[in-house]
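Chemist:
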Amino acid sequence: MLLRHTTSEVKEREGLTINPAKTCQPIGAMYAALGIHGCLPHSHGSQGCCAYHRSTLTRHYKEPVMAATSSFTEGASVFGGQANLLAAIDTIFSVYDPDIIAVHSTCLSETIGDDLQQITRKALDDGKIPEGKYVIYASTPSFIGSHVTGYANMVAGMASQFAVSTGEKKDQVNLVAGWMEPSDMRELKRISKEMGAKIVLFPDTSDVLDAPQTGKHVFYPKGGVTVPELKSTGDSKFTLALGCISAEPAAIALDKKCSVPFETVDMPIGLSATDRFIMALSKAAGVKVPDSITAERGRLVDVMTDMEQYFHGKKVALFGDPDQLIPLTEFLLDLGMKPRHIVSGTPGGRFDKRMKEILERAPGANFKNGLNADMFLLHQWIKNEPVDLLIGNTYGKYIARDEDIPFVRFGFPILDRIGHSYFPSVGYSGGLRIVEKILGVLMDRQDMTANEEKFELVM
Amino acid sequence: MLLRHTTSEVKEREGLTINPAKTCQPIGAMYAALGIHGCLPHSHGSQGCCAYHRSTLTRHYKEPVMAATSSFTEGASVFGGQANLLAAIDTIFSVYDPDIIAVHSTCLSETIGDDLQQITRKALDDGKIPEGKYVIYASTPSFIGSHVTGYANMVAGMASQFAVSTGEKKDQVNLVAGWMEPSDMRELKRISKEMGAKIVLFPDTSDVLDAPQTGKHVFYPKGGVTVPELKSTGDSKFTLALGCISAEPAAIALDKKCSVPFETVDMPIGLSATDRFIMALSKAAGVKVPDSITAERGRLVDVMTDMEQYFHGKKVALFGDPDQLIPLTEFLLDLGMKPRHIVSGTPGGRFDKRMKEILERAPGANFKNGLNADMFLLHQWIKNEPVDLLIGNTYGKYIARDEDIPFVRFGFPILDRIGHSYFPSVGYSGGLRIVEKILGVLMDRQDMTANEEKFELVM
Amino acid sequence: MEANKTYPDPSAIREELVQKYPAKVAKKRTKSIIINDPETVPEVQANVRTVPGIITQRGCSYAGCKGVVLGPTRDIVNITHGPIGCSFYSWLTRRNQTKPETDADANFITYCFSTDMQEENIVFGGEKKLKVAIQEAYDLFHPKSIAIFSTCPVGLIGDDVHAAAREMKEKLGDCNVFGFSCEGYRGVSQSAGHHIANNGVFKHMVGRNNEKKEGKFRLNLLGEYNIGGDAFEIERIFKKCGITLVSSFSGNSTVGQLENAHMADLNVIMCHRSINYMGEMMETKYGIPWMKINFVGAESSAKSLRRIAQYFGDEGLKAKVEEVIAEELPKVKAVIDEIRPRTEGKTAMLFVGGSRAHHYQDLFTELGMTTVAAGYEFAHRDDYEGREVLPGIKIDADSKNIEELKVEADPELYKPRKSEAELEALKAEGLEINGYEGMMKQMMKKSLVVDDISHYESEKLIEIYKPDIFCAGIKEKYVVQKMGVPLKQLHSYDYGGPYTGFEGAVNFYRDIDRMVNNPVWKLIKAPWETAAGENDGVLEATYAEA
Amino acid sequence: MEANKTYPDPSAIREELVQKYPAKVAKKRTKSIIINDPETVPEVQANVRTVPGIITQRGCSYAGCKGVVLGPTRDIVNITHGPIGCSFYSWLTRRNQTKPETDADANFITYCFSTDMQEENIVFGGEKKLKVAIQEAYDLFHPKSIAIFSTCPVGLIGDDVHAAAREMKEKLGDCNVFGFSCEGYRGVSQSAGHHIANNGVFKHMVGRNNEKKEGKFRLNLLGEYNIGGDAFEIERIFKKCGITLVSSFSGNSTVGQLENAHMADLNVIMCHRSINYMGEMMETKYGIPWMKINFVGAESSAKSLRRIAQYFGDEGLKAKVEEVIAEELPKVKAVIDEIRPRTEGKTAMLFVGGSRAHHYQDLFTELGMTTVAAGYEFAHRDDYEGREVLPGIKIDADSKNIEELKVEADPELYKPRKSEAELEALKAEGLEINGYEGMMKQMMKKSLVVDDISHYESEKLIEIYKPDIFCAGIKEKYVVQKMGVPLKQLHSYDYGGPYTGFEGAVNFYRDIDRMVNNPVWKLIKAPWETAAGENDGVLEATYAEA
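Protein chains in written order, with numbering that gives the first Met the number 0: chain C, 0 to 458; chain V, 0 to 458; chain W, 0 to 545; chain Y, 0 to 545.
1. Using the three-state DSSP reduction, which class does Thr165/V fall into: helix, strand or coil?
2. With a threshold of 8 Å between beta carbons, is Tyr375/W in contact with chain V?
3. Output needed in chain order: residues of the segment 100 to 128 of chain V with a Cβ under 7 Å from some Cβ in chain C.
4. So, is the C-beta of Thr393/C closer than 8 Å to a C-beta in chain V?
5. Counting along the chain, where does the alpha helix (DSSP H) carrying Cys27/Y start and finish?
6. Answer with yes or no whether the minimum CB distance from Val434/V to chain Y is below 8 Å.
7. Runs of 3 residues minimum, wholly inside the segment 38 to 105 of chain W: which ones carry the beta strand (DSSP E) assignment?
8. Jot down the residue ranges of each uninterrupted beta strand (DSSP E) in the segment 107 to 185 of chain W, minimum 3 residues, whole runs only, in chain order.
9. Let me know the secondary structure DSSP gives Arg339/V once reduced to three states.
10. Taking the continuous alpha helix (DSSP H) assigned at Lys202/Y, which residues delimit it?
11. Can a CB atom of chain V be found closer than 8 Å to the CB of Tyr402/C?
12. Output the boundary residues of the beta strand (DSSP E) element that contains Glu223/W.
13. For Gly374/Y versus Asp467/Y, is the C-beta spacing smaller than 8 Å?
14. Which term fits Asp290/C, buried or exposed, when burial requires 16 or more other beta carbons within 10 angstroms of its beta carbon?
15. Using a C-beta to C-beta distance shorter than 8 Å, which residues of chain W count as neighbours of Leu358/C?
16. Out of Gln360/Y, Phe377/Y, Ala333/Y, point me to the one whose CA is closest to Thr369/Y's CA.
17. Can you find the residues in the same chain that come closer than 8 Å, C-beta to C-beta, to Thr499/Y, ignoring five residues on each side of it along the sequence?
18. Between the C-alpha atoms of Ile381/C and Ala316/C, what's the straight-line distance to the nearest angstrom?
19. Nearest to Ser159/V by CA position, among Glu167/V, Ser145/V, Val134/V, is which residue?
20. Could you tell me the alpha carbon to alpha carbon distance between Gly285/C and Ile433/V, rounded to whole angstroms?
21. Which residue from Ala294/V, Asp333/V, Met374/V puts its Cα closest to that of Ile341/V?
22. Could you check what DSSP says for Ala543/Y in three-state terms: helix, strand or coil?
23. Spell out whether any CB of chain Y is found under 8 Å from the CB atom of Leu2/C.
24. If you draw a straight line from the alpha carbon of Glu407/W to that of Tyr285/W, how long is it in whole angstroms?
25. Nearest-angstrom Cα distance between Phe112/Y and Ile12/Y?
26. Ignoring anything shorter than 3 residues, give me the beta strand (DSSP E) runs that lie fully in the segment 424 to 466 of chain W, in order along the chain.
27. Return the chain-ordered list of same chain residues with a C-beta closer than 6 Å to the C-beta of Gln354/C, the five sequence neighbours on each side being excluded.
28. Leaving out five residues on either side along the sequence, give the residues of the same chain with a beta carbon under 7 Å from the beta carbon of Val302/C.
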């Protein structure tokens, strides 16, 4: 047993987190910043943070992840990091020539009280920011929230620091992407185009974290939302935030700064959430849902009706990030499955509220988020009530192997497989992919464990 | 052991085929005919043929497969099937009201010498074919070739029976689809559109065999190449045939009838074959390859370079249809894998020639097609030289289980999984899917068999 | 029993079903679409040719012979003589499960054997290739038996598979080789193939081994093909009751069992259509009575066990059977009690097979569901109306082409298991020996009975009746489901099962409950469609509310 | 050794590397970019702060302490005291393999423990939560040891992890609890963390168990972390030679081994940078000499074994070692002979770690490949220039912040394993006791040595030198590969390995052969690009032809 010390007896813990179902804010801020074209994320803290975040993102995407650090030493930690950040800005613009530096803080710089707004203002005043270049920032202390919070904060920072209201409304809708894959963002653009909806999607990591092999390293790949686009978000007629935790703060910021009205919908994962997204986008952009989208939907429903027997009643444990878990859990229910155990390390009452609503259809399901909602707890729950399927990031493989559970990788980080960054999970086509994956592992299990006389040709 | 009687000693066989890697012509003709809009395939033979073909296609697509039959009885077999076919045409136009009936023959009707051209001519003369409706036909005796041949014959029939040369050339390229999935045909249309190439793709089973669930059974789904499109193929400036066995005959027919020049390229599966397809289409349509396509290519190459270690030197056995096996084998070689054993039941010297060329990079590989090139032989070869991966249709699962080989489903028929009809295998994106699938099963194997201390988080 | 819903006038429906047909076709089809009256049992036109061009559910003679009857026996090498397709399509597609006793036992179920006839074999004859194939099969596998199945061209080109079989049997010595003239064009459906198969099995297998095996209550189970493990469940129940299964025809069977079948004392028949010939012939030749039973449905299973016990007339067996029923039924009842509130009052249609459309009505009845329409793919009038109509059935040209074996009492082995008097006594007690009363007597008045239903008719019926579930086969499955109605495959069971006996009944209840109550069917309409009212939505709305 | 290709003038390259930097940065970086001369060994500026804003390979002190040194010991519960990130990122990412002897043995390697500090803990202090966490860990797992690792905020808010550890150790009684002040801002790289880790392990673990275990030739293996199973291969070889491994620091180790390590008679050091402190301190306190060895490379492994034998001075051991080498080397040689024609003359760059950039040059040499440039992420001058420069190294502010333990000879346990005379004799024989000559003496003249290379510099170097392979870590991997150059990860080995010893060498040869000769690199250019000549293609063409 790989996790031989995990026993079934669940005890309340107050101090110790074991096998977390989250990580810290800055990595989320770094990921979000990569979704701006020509942007270099900058970690204002000890250089270990930056190294860890770059490594994790690289392992997930198998792609270059460029980011700089303030390289704090003990001196900086005592006397404040302003000098480091100013020096960094200088060096970065000289050497890496980005259009934008997106600075996020760390537990270190937050603990010593560095004020990013003040320091970047000083950089501007000192002429360290070249004409036409930008330094934006987000406060992302690691001791609050999670990687998802950090993502949300940086995205909100993009909105509040770039958006300008010119007084002239534009016929476009802001789409705030919750934490999702480049493939998902690409798919959202495709769907919007198919619907004839003019959108500004931000952030947008497609063509950044799925860059082609060309024999050249393009430091700033062609993807990412551009500065003019970000500026224009203040003139958009509406904002659609995809995910109440990772996307809504940016929508609120836009509303506050530029009075752009907004609606928050779940990330469009699975049938029902995609339905709501399509309806909301249709309404916001004033476009009819074209038949081609209805047909995409119909293809997903087709598989759901035709394959219902294989999903029906299968018990599922899942863990990951709230904006993904919410619609995914709903999708599992739409498929006739039984979500039994759900944890997310990311705190927030919204998760609890939405999950309670959704899980009315699944009486007795365990779910918990925030402090001590970790994979150790999930594993203990599984030991008490075994499941037929586990869904989560790569760390789930240890539980899956110990408990011999079919496992579908979903979420962040996925370190041991490819595909997530190339094939979307959002939209109806993403739903098909999820269904294919789930069916695949369930049927593989059947093929593996069937007695010879029960080995099936057709399924 | 599921195949307990298969031993490793390979003996030449002359009479007995065991576990065939092919099936008969008519099913291919039926599949092809479904790729015309408003067409009802008709099986001129005993009703068992039609039932078997519809069942197999239905199991593969999990979709309605409508087709009619001449319902031969002993009388018809003795006295000829003309009366049956004429009656069938009458009934079909009355009840099912298709635009086109596509008749294919069977071993039965061919053996007794029914002449489809003559009978359909008689139907026309007798006024049994309503104004504006069509009956086309293809001779597809089961005792010649294979399901692939039948497909090719029906597609050639479409071309030769519909194409008209008006004398005025159209700025369009005919794309003759070799036997591929609806998803593949959809992808070819997307790629062509992306390239700005005006094409007529035929046949086209997308939106036919992947129809949405709408609560209604649409007898003639919206997809399929239309009659005006088929007619216009005679005026096209060029024909690109995708697959020398399943597509080229139609290109030749068009050249013969309407002097449309043509080129045959491999089905665009994997990197190199897709490269050649893109080059050929670019040349034929007179369009430049856009950056977006180059980027798609780059994403595939990126995964190939980054993941090369997992493919390198892995031995593969594969079976299936020639137009797919040829580029797939080449792709495996591009990935650094070692194709070791290849069989295709479909006869034809072209397969042998192309494979010889391609397999120069894989000395000592076994390959065979045509008579007695069956899965029994493949299995025996595997017993003599075990492999790390098996690729083929669902019937491969018996070998995979017995020999404990990771297995990727590819080809026709796939009866026990979904996905093939929704996600393309052609083009660069299709290559990514193939790569994801192969990597998935290889890594699942590693995860399954690794000792605990060798169980990897990152791969 | 009457449906507890109101349906349109059946005569009107019948008219609607045929109105689009050409006049001659309409006239013909009308005779196969019957408004049922269980009291009078109207005549159903059955076992007639399908109209060319009609989209039918039916298959062919080869499918009935090789696919249905011979396929399930694990240790025969079944060589299809013909072009490759027929063998390919019948390769593992019927889910005939089989379980060799040891890993060393022969099992060819997973294999597909064919002579893969080529043009030259059509032109110059295929017998030579067939004999080479038989030799190769023998050399590779040394099977006890090799069977040869003729596909369409074989008869036409004049290949004599029987002669080839005889020659090879002699040559090989220790291998029983025999052929079937089951060309696809014979008869009007699979049914011809069943008859041909029965004849061949009777001629070439039954009676080869006269050893009397152990067991006090020894019977053969006929017409049960172990799809989804059905036979395993019946075997379990028999074993529990102390009943000895001498041979099964042919689910989970072996050559050895079939060759010894004539030593049993009773034949019980599941699928009347596919195998009643065998019961008849064995009665005539060996004196073994047969009895129609049904292990589909918990009550039917209990009843079938009681009938078997009644036949044997042994008090110990009767007591044991009651004990087993008392043990098994409450478990089934518990599930029914849980599920029935959710299925009660729902409606079903069954258009499938030769007996299945009848048998499965029992299970639906147990669920409180009403069968509003039913019919067979390949049955004869007796399957609808009962065997009493047999003498009145006209033999048409298509049936005449099927060989009718002349069977006589075996001079040595004929031994009536029950005297005439005993049989009469049993019949007087109500035991239906050598009889079958058909499907229609069990169906409610005014339900529709449609033989060889066409695609067009079934779509119409669904539109009109909006059944909660439709039972048919794979070809129909996704058509019907596209209409928002779940389809239960009763050939392959949708890869579920077993559905026989007590445990099987529970499986079926759960599956039907899942299917008719699955909320996934409510997801079909996109919200913007409902909102905009773009669709007439009548049919769909009904499903959505169902 | 000189490269067998002509390269641009290194001085010009150095200028190009720094020309884009702001003046002050350029000046600083120039001191870390050195044109090597193995004879004179120029001074390398090392172990200094990274310029803020520079994209560096480096990590932090926590990573060096928890991630590198303490991580591999399987039966310590390592609790990270801090916000969640640090524990998360160091969770299983270093591939420290470990193999408990039985299924019942403790193994926490797969677990991640954290106090997950929240804002309130930052404001009001986190000691209380830490103590609760320790208690909970104890209650759940009853480990022998619990170690606490401080992350950045911990030191700043004044949490005294050492006091908390002492308190809990006393409270728990049978659990050794100790803390590390390895906050990420300490020092200039991971290196500080190694030092802190060494101090902690020396203080809290080594010396707790004075039992003298069996074995004639007893040594500790220092600075080997069993990535990819490296330690398993070394263990295999030691066992074969009859050498007893008392404790490993810390690959595949246990608390019990570490606590008993001072009873060994020799310390052999693999990764000089991460652990030389331990060798020094154990010599001072217990009288155990240390010796730099290297099990990366087949020849190096053979040499290392011979040195160990020489140290122990036992003829039997010497003979055994020769026997083992004679058995192992030919197998390696056979592979080299096959592969070398394909790798000969190719070039490599190594920028990684604290000793790996040095060790792996041996393997490349065995492949006939030339290292044209190399450097460390977190080394000190002695790792480049050799320990003889140690006295001349100025201790700067960043290093001063790392505690330097005052170690004295243990009154009871100090026992010189070799007398001064014996040591001198061994040295006279050429055995380098307590010494390390650094990387540069081994590298060819005019090769480039770059400390703490930046992303910018490495891209430039690749453009200029077009190496056949580049060795670094995960952050660099896909950047370099995007340039068409394969990158070999020398932290994680690209999830391959082991690469130590004889079997490991073979693994490495095969992997490098695969990487530098893989035709996949020729597929990068789309055919239409080459055809149209749209790209300058100079760099790419070179790769394509390589």
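C-beta: ideal position from N, C-alpha, C; glycine also.
All of these numbers come straight from a predicted model, not from anything done at the bench.
Modeler: So, from the listed chains and residues:
1. coil
2. no
3. none
4. yes
5. Checking the sequence, you will find Lys at residue 27/Y rather than Cys. Per DSSP, Lys27/Y belongs to the alpha helix (DSSP H) from 22 to 29.
6. no
7. 75 to 80
8. 144 to 149, 175 to 179
9. strand
10. 189 to 203
11. It should be noted that the sequence gives Glu, not Tyr, for residue 402/C. Judged by the 8 Å Cβ criterion, Glu402/C is not in contact with chain V.
12. 216 to 223
13. no
14. exposed
15. What Leu358/C touches in chain W: nothing, since even the nearest Cβ is about 15 Å away.
16. Gln360/Y
17. Glu223, Asp229, Ala230, Glu232, Ile233, Phe294, Val295, Ser300
18. 7 Å
19. Val134/V
20. 39 Å
21. Met374/V
22. For Ala543/Y, the predicted structure reports a pLDDT of 31, less than 50, and the residue's modelled location is therefore unreliable. A value from the coordinates is still provided. Of the three classes helix, strand and coil, the one that applies to Ala543/Y here is helix, per DSSP.
23. yes
24. 9 Å
25. 46 Å
26. 447 to 449
27. As written in the sequence, residue 354/C is Met, which differs from the Gln given in the question. For Met354/C, where only same-chain residues beyond five positions count, the Cβ hits under 6 Å are Phe366.
28. Leu431, Val434
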